[in-house]
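Working notes, beginning with the structure itself.
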Amino acid sequence: MNDPLLLGVDLGTSSVKVIAVTPRGRIVASGSAEYPIFHPQPTYSEQRPDDWWRAVCATVRSVTGELAADRIAAIGLSGQMHGTVLLDEENGLLGDAVIWPDRRSSRQVDEITRRMGKARLIEIAGSPVATGFQAATVAWLQEEEPDRWARTAKILLPKDYLRWRMTGRFAGDPSDGSGALLLDVAARDWSPVLLDALAIDPRRLPPVQPSVSIAGELQPDAATALGLPAGLPVMTGAADTACSALGAGAVRPGTLLLTLSTGGQLVLPVAHPIVDPAGRIHTFCSAFEPDNGMGYAGWYQMGAILSAGMALRWLRDNVFVLSGGGAYTRMSAWAGESPPGSNGLIFLPYLAGERTPHMDPLARGAFLGLTLSHGRSDMVRAVMEGVTFALANALAVLTELGAHPAEIVLAGGGASSPLWRQIVADVFGLPVRPLQVAEQSAVGAALPAGLGAGLVEAASFADEWVSYGEVVQPNPATQRFYAGWIEHFRAGYVNNRGLFAALGRA
């Protein structure tokens, strides 16, 4: 008899990833499908939820086509954070989803902060509000599209929309909810104070329940579309960053996870909701409830930059105009031809504004020092270095708040580049342990499915599910060079901040 399998569905920003995995963590089939991001105006970032659903259906069918669909025992979900999906009274979509890189709500961010008070907002929500967060998007809709807002019956996060399509039931979880900036992170439920301040009827939001819980069963219509048996348990699931931490084994306090995906994140699990009064980092709920009895952290601190892999993708699509599966491998090889410092070229990766530590939606991307002598190798390496410098700025904040990591667990698509792994080790001055599985958010989505279905032992999952590649040690000479070079990177933002603000308001 064939063993049961768990299905992990990770709704990312640029693509959906689906894996089928055994209860011991062995991936037996996987697939992915891309969907576009629309920018109808310069500061807008939107996606079509129907595109998500079609991509999920096609990818699940592709994955389960390689095996017997009746082996699937449960479905787990992971999703991009912060975005806003609106449904009307008849559960029809009210336009496209506004997703996390969106920057249209900068004025509303200022107004929410003024109205609540920055300190009080951070105390409740664990983070400052930022453009792209659901709280700011809702405030923008209330002011700029009041007719659309008046027709809104349900406000969902992206993965919660998918689960509703699968089960017909509305639900949310603390990890994703805390990224909406409408949740009390200590209480792990919607904050009456925040909802009242933003004039949001709590009935428009889904009920919050633990990530490792069954939200509903797969309904017949959805089962047909997905090519799966009806009645399968579908887990509540968690935010992609929380699932990424699960898939990387970063679940206990003190483990530092660095993810190079569309955006870039530093994730530090903590036993209690430690917040930054200056608002430079985010404190979110993890996928585990705090009273789990296994020492797993109930919260995590996160430093986030908005453009990591997205910056390389921009370079690939708009400068080099490359296509095909080997494009990033070629670009990484080019970058290896350029020395540390990219022959005097610096890249500021603020293509969609920036969060940690600047919290500046008007920040702009830039190549600084570009000359006729620079070529493609310098440009690619400068992007890799600029992204890594931006993440090093985030670690400086975590260190100020008490973090002292001894090593880095490196995850995401960028971890597949040997050069980028070395750059991370040299810039941070720490050993780097690269994950061997790139789809850790999908793995982290499958884990709650196994835990909720009783097929995975919570106390020992990390030993069976997580594996790492060869540890990368920092090069002392390059580490010393980067320790000085990063100051030029920092000066690049400080010296151009006023210009960026003027350009953003033009």
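736 is the number of the first residue of the sequence shown in the working numbering; add one for each residue after it. Ideal Cβ positions, reconstructed from N, Cα and C, are used throughout, including at glycine. No experiment lies behind these values; they were computed from the predicted model shown.
Simplified DSSP state of residue i, which is helix, strand or coil
i	result
residue 736	Residue confidence for residue 736 is low, a pLDDT of 47 falling below 50, so the modelled location carries little weight; the figure read from the coordinates is stated next. Of the three classes helix, strand and coil, the one that applies to residue 736 here is coil, per DSSP.
residue 1000	strand
residue 904	coil
residue 984	coil
residue 755	strand
residue 1201	coil
residue 1168	strand
residue 1221	helix
residue 1018	strand
residue 963	coil
residue 1131	helix
residue 1089	strand
residue 970	strand
residue 1036	strand
residue 748	coil
residue 1081	strand
residue 1073	coil
residue 873	helix
residue 1056	coil
residue 852	coil
residue 764	strand
residue 933	coil
residue 1005	strand
residue 827	coil
residue 917	coil
residue 990	coil
residue 950	strand
residue 1196	helix
residue 838	coil
residue 1044	helix
residue 862	coil
residue 1026	coil
Short Cβ contact (8 Å threshold) for residue i with residue j
i	j	result
residue 902	residue 951	yes
residue 1184	residue 834	no
residue 1177	residue 745	yes
residue 892	residue 883	no
residue 1224	residue 1098	no
residue 933	residue 873	yes
residue 978	residue 813	yes
residue 970	residue 1194	no
residue 946	residue 908	yes
residue 1042	residue 1154	no
residue 1186	residue 1200	no
residue 1171	residue 1204	yes
residue 1022	residue 973	yes
residue 897	residue 787	yes
residue 752	residue 1174	yes
residue 1005	residue 1037	no
residue 1018	residue 1122	no
residue 765	residue 798	yes
Beta-bridge partners of residue i, as assigned by DSSP
i	result
residue 1031	Paired residue(s): none; residue 1031 is not in a bridge.
residue 833	781, 819
residue 868	Partner(s): none; residue 868 has no beta bridge.
residue 810	742, 969
residue 889	822
residue 943	907
residue 897	In DSSP, residue 897 forms no bridge with anything.
residue 773	781
residue 1207	1167
residue 925	918
residue 995	999
Any non-hydrogen atom of the ligand NAP closer than 7 Å to residue i Cβ
i	result
residue 889	Annotation note on the ligand NAP: not contained in the displayed structure, which lists no ligands.
Any chain B beta carbon closer than 8 Å to residue i
i	result
residue 759	Checking the listed chains, one finds no chain B in this structure; it contains a single protein chain.
Stretch-stretch touch, CB-based, cutoff 8 Å, three pairs: the region 773-785 with the region 822-837: The region 773-785, when compared against the region 822-837, does touch it at the 8 Å Cβ threshold.
Any 3 or more C-beta pairs closer than 8 Å across the region 1153-1172 and the region 1204-1220: Three or more beta-carbon pairs separated by less than 8 Å link the region 1153-1172 to the region 1204-1220, which places the two stretches in contact.
Any 3 or more C-beta pairs closer than 8 Å across the region 1032-1039 and the region 1068-1086: At 8 Å Cβ cutoff, the stretches do not touch.
4-residue-minimum alpha helix (DSSP H) runs that sit fully inside the region 1089-1162, ordered along the chain: DSSP runs (the alpha helix (DSSP H)) wholly in the region 1089-1162: 1111-1135.
Three CB pairs or more closer than 8 Å across the region 1126-1144 and the region 989-996: Yes: the two stretches touch, three or more of their Cβ pairs being nearer than 8 Å.
Given 8 Å, three or more beta-carbon pairs between the region 911-925 and the region 796-810: No, the region 911-925 is not in contact with the region 796-810.
The region 1042-1057 in contact with the region 1081-1089 per 3-pair CB rule at 8 Å: The answer is yes - the region 1081-1089 touches the region 1042-1057, with three or more Cβ pairs under 8 Å.
Cβ contact check for the region 1000-1015 and the region 1124-1140: 3 or more pairs under 8 Å: The region 1000-1015, when compared against the region 1124-1140, does touch it at the 8 Å Cβ threshold.
Validate contact between the region 923-940 and the region 855-862 using beta carbons, cut 8 Å, 3 pairs: Output reads yes: the region 855-862 touches the region 923-940.
The region 1044-1057 contacting the region 935-943, beta-carbon criterion three pairs below 8 Å: Note that the region 1044-1057 does not touch the region 935-943; fewer than 3 beta-carbon pairs, one per stretch, sit closer than 8 Å.
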